[in-house]
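**Q** Okay, here's the structure, questions in a sec.
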Amino acid sequence: GKHVKFRVYLRGRELQNPVMGFEMLQRVCAMVEDIAHTDKEPKIEGKYATVLMIPNNKLKT
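Just so we're aligned, residue 101 is where the sequence shown starts under this note's numbering, counting upward by one.
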């Protein structure tokens with residue numbers, strides 16, 4: 101399966117306190133939890149908060 105990386109760009113004061121970026125990524129993960137799961141917890145990469153999603157083995161059709 102294909103992997104998908106979600107990236108949230110952090111600006112200004114969000115860089116010092118990236119909680120809102122992590123919360124947004126958690127909401128995205130909750131929306132797609134029936135078709136994909138996270139490889140690792142969200143992390144900061146420069147000005148981005150990122151998370152890698154991997155599709156589940158069996159999809160419901």
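Idealized CB from N, CA, C, for every residue including glycine.
Could you pull out every unbroken beta strand (DSSP E) segment of at least 3 residues lying fully inside the segment 111 to 146, listed in chain order?
**A** Complete beta strand (DSSP E) runs here, min 3: 136 to 138, 143 to 145.
**Q** Considering only DSSP beta bridges, list what Lys158 is partnered with.
**A** Answer is none; Lys158 lacks a bridge partner.
**Q** Keeping to the same chain, check which residues put their C-beta closer than 8 Å to that of Thr138; ignore five residues upstream and five downstream.
**A** Once the five neighbours on either side are set aside, the close Cβ partners of Thr138 are Cys129, Val151, Leu152, Met153, Ile154.
**Q** Closer than 8 Å by C-beta to Pro118: which residues in its own chain qualify, once you throw out the five before and the five after it? Chain order, please.
**A** Closer than 8 Å at the Cβ level, and outside the excluded window around Pro118, lie Leu110, Ile144, Ala149.
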